[in-house]
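In what follows, a structure is listed as structure tokens, so that the remarks can point back to it.
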Amino acid sequence: MIFLYVFLSIIGAALLWVIADIFIAVIKKPIPDLPEEFLDPQGLYNVYVYLTEPDKIPKGVNVTEKYILDSLAPTIKYIENRYDCADFRLQLLFRLYKDCYDILTQSVRELIKKTCLGFKYWMDRPGYDSMCYWSENHQILFAVSEYLHGQEWQDELFINSGMTGKQHMETVLKRIDIWMEQRFLYGFSEWLSNNYWAEDIAPMSNYIQYSRDKESVERMKIIFDLLWFNVAAHSANNTFVGASSRMYGDNKSSHIYGNRLKLAMAAIWEGQGTLSPARSSLEESIAKGAREADTSIKLTGVEVIMMQNFIAMYKTGAYKLPKVIYNIALDKSERVIKTSEGLSVEDLEKEGLIGQGDKEIMAQLGAETFTNPPVVMNTLKYLSRHKMFRNKFVSPFRFLDIKLLRLLNVPYYIAKKLDLMTHGIALGRGNIYCYRTKYYTLTTAMAHNTDYCGAQGHIWTANIAPDLTLYTTQPARDDGNPRKHSASPGYWIGNGRQPMSVQDKNINITIYKLPKSKRPLEFHISDITHAYLPKERYDELEFIDNYAFGRKGKVLVAFIASGKPKYRPYDAYAASVLLAKPEGDPSAPALTKEFDYVLSGGNYHAYITELSDTDTETFHDFIRRILANKIAFKGDTVEYHSGKRRIKAAYSGLFEINGNPAPTRFIRHESAYAKIERKANEIAISHGGHSLKLNYYDIIREESR
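Here it is as structure tokens:
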């Protein structure tokens, strides 16, 4: 009998333990990640521009101490309250302190200093908030701010941590080195992101200009070279829109309105060798010298605030782009570029990058890998250890932080048994195929995470002109809420189900399997796929059954669907999301006609895209040729004949060219410019008589010709 009492007591205690943990999880409400009021960063940008370029001060504006304090107040409040992306604003705030130190009054300098000394710089530091620390861009943003602030105020006590500036420097330098080394070995987890790379180059620029650690600065320049090499190799006419692990609707819809790097690219290349300037009407106005307050200083937000750090640094000569990379961007030759960037879940296991140290957690969370079976227990342990369950982004994990369940490894078995939607948040390793001509690029993340839910992944794109791209998605939601257009994943961002997508030179084949039921943690599904095909952006556009043919300048486009898509009515809100104009842009609405080309119903949807140009054939000859090509859509399989090529692809992963298996996995980089193995110790890039040798460990950054 006593054994029964003991057994029941144990069961009762276990139940009480579980109930107590559940109660704690329920009452542990997440902290808001954003303020209720709009705290405009415009004032910070204005002050920096007015003090560094006085000729841009509008008539009637007197840049007094009061004006500066009032202008900085929203930024200071945002940072002090630790709202998400406060680390973005810290970059330009510190640059203001450094570049304008002699101009700023003592009270302004003290305000900036106080703000920096009270900030929280990493997940393991005291304080509760909902800042995102862990993604690849945030890692370097926080780390560089911590290092530079520690360097600036070495003997001061940082209020939040209780550490001196010197202690901060010594601690965070290891994180900076980890971040740089992982980029050198594995590339960027946020591969080819024309959104998030803007958030990398700001802290990288500030570190290069202000850090006094010469060896570390040289290593940062090496990583900068690799980033710009990727931009140069995947660009056409100084426009950069390709497949990527993380993009939003505007990022993928055009270079002009969505490429956050375009101002930095203009600063480097300034349109050299391009066929047309990739600028909005507002940027044209600025370039022509407009000084009106409503045009010259209103191109704001992340794009300009981040780019200001790079542009200011670049003007000082602290970083010089190697000539070979400069020339690669201007190369007009036909090129095939194959790259492999980032870390898959399997890579994390193989490389021993699952653990609690900074090296492991930066690799895992930088790859946005949270719930996948090999990492879910590590995620929970780290979040619990650093008391992060009130952080809005990861607060749902608090319901898995049931001690008994963790002890029994239950979260692991849930993640392994159930095909959770959140498994698709993992960015994975991108194997990217890019075909580049003097007129366009066609880029595909080959067979990338097929059938996973895709949070922000952009699988393929044709970059046709500065104001035009072509791509497809399988919307994660298609309900009546307008928020679907900006949701992530949503109607335009990510995919409900990632496609099987492959490419050979100028031809892409993409196959979707439509979801029939929701997966665990999935709130919406849709039975459509769609293409971004804006009528007014093409010079010519013709439709023949399930074929769409377009001409934009010299670029010819054939877009073939397995069914007959139809345009949805024009949606002004969706148009504003995809081609969001900078504030103050005097031009007409970016889109005024239909652009959403939708295919509905069925089990599989497939699309074939073939590009050409008018140097090769006329638009009408192109149409006749494509219509004569043999095409077969059979369930999950597509076969397409064009010229001497017979391309076959299937949702199962099959990819053949002329009957032979074609690769969908690549080495780190393979093109006419370089051949780089994964985890290479030394990287060599060459083109047009110029070359560059990079060695991270020996700190070699050597140009030659």
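Just so we're aligned, residue 790 is where the sequence shown starts under our numbering, counting upward by one. Glycine included, each C-beta is placed from N, C-alpha and C at the ideal position.
Secondary structure at residue 1225: strand, using DSSP grouped into helix, strand and coil.
Put simply, the stretch 1229 to 1236 does not touch the stretch 958 to 972. Fewer than three CB pairs are less than 8 Å apart. Secondary-structure assignment with DSSP links residue 1481 through a beta bridge to 1474 and 1492.
Cβ-Cβ distances below 6 Å link residue 892 to 840 in the same chain, with the five nearest sequence neighbours on each side left out; the list follows chain order. Residue state for residue 1160 is assigned as coil, using DSSP reduced to three classes. About 7 Å separates the CB atoms of residue 930 and residue 877; that is less than 8 Å, so the two are in contact. For residue 1212, the number of other beta carbons within 10 angstroms of its own is at least 16, and it is reported as buried. Collapsing the DSSP output to three states places residue 1047 in a helix. For residue 1003, the three-state secondary structure derived from DSSP is helix. The C-alpha of residue 843 lies about 34 Å from the C-alpha of residue 1116. Cβ contact annotation for residue 1307 (same chain, cutoff 6 Å, sequence separation greater than five): 1314, in chain order.
In this chain, the alpha helix (DSSP H) harbouring residue 1139 covers 1134 to 1139. Fewer than three beta-carbon pairs drawn from the stretch 1483 to 1494 and the stretch 1136 to 1151 are found closer than 8 Å, and the two stretches are therefore not classed as touching.
Per the DSSP secondary-structure output, residue 1428 pairs in a beta bridge with 1421 and 1437.
Listed in chain order, the beta strand (DSSP E) elements of length 3 or more contained wholly in the stretch 931 to 998 amount to none. Shown here for residue 1348: same chain residues with a beta carbon closer than 6 Å to its own, the five before and five after excluded, namely 1337 and 1398 in chain order.
The DSSP-derived three-state label of residue 1017 is helix.
Judged by pairs of C-beta atoms under 8 Å, the stretch 1093 to 1104 does not touch the stretch 1420 to 1437, as fewer than three such pairs exist. In the three-state reduction of the DSSP assignment, residue 1408 falls in the helix class, which pools H, G and I.
Between residue 980 and residue 1034, the gap from beta carbon to beta carbon is short of 8 Å. For residue 1394, DSSP records a beta bridge to 1301. Residue environment analysis places residue 1318 among the buried positions, since at least 16 neighbouring C-beta atoms fall within 10 angstroms of its C-beta. The Cβ-Cβ distance between residue 823 and residue 872 falls below 8 Å. Pairing residue 939 with residue 957 gives a Cβ-Cβ distance under 8 Å. Taking each of 1479, 1478, 1473 and 1477 in turn and checking the Cα distance to residue 1485, the smallest one comes out for 1473. Here residue 1404 is actually not in contact with residue 1302; their C-beta atoms are around 38 Å apart, not less than 8 Å. With respect to residue 1290, residue 1217 sits apart: the two C-beta atoms are not nearer than 8 Å.
Per DSSP, residue 1292 is one residue of the beta strand (DSSP E) stretching across 1289 to 1293.
Below 8 Å, enough C-beta pairs join the stretch 1126 to 1140 and the stretch 1453 to 1462 to call them touching: three or more.
In chain order, 938 place their CB closer than 6 Å to the CB of residue 905, counting only its own chain and leaving out the 5 sequence neighbours on each side.
Look at residue 1320 here: in three-state DSSP terms it is strand.
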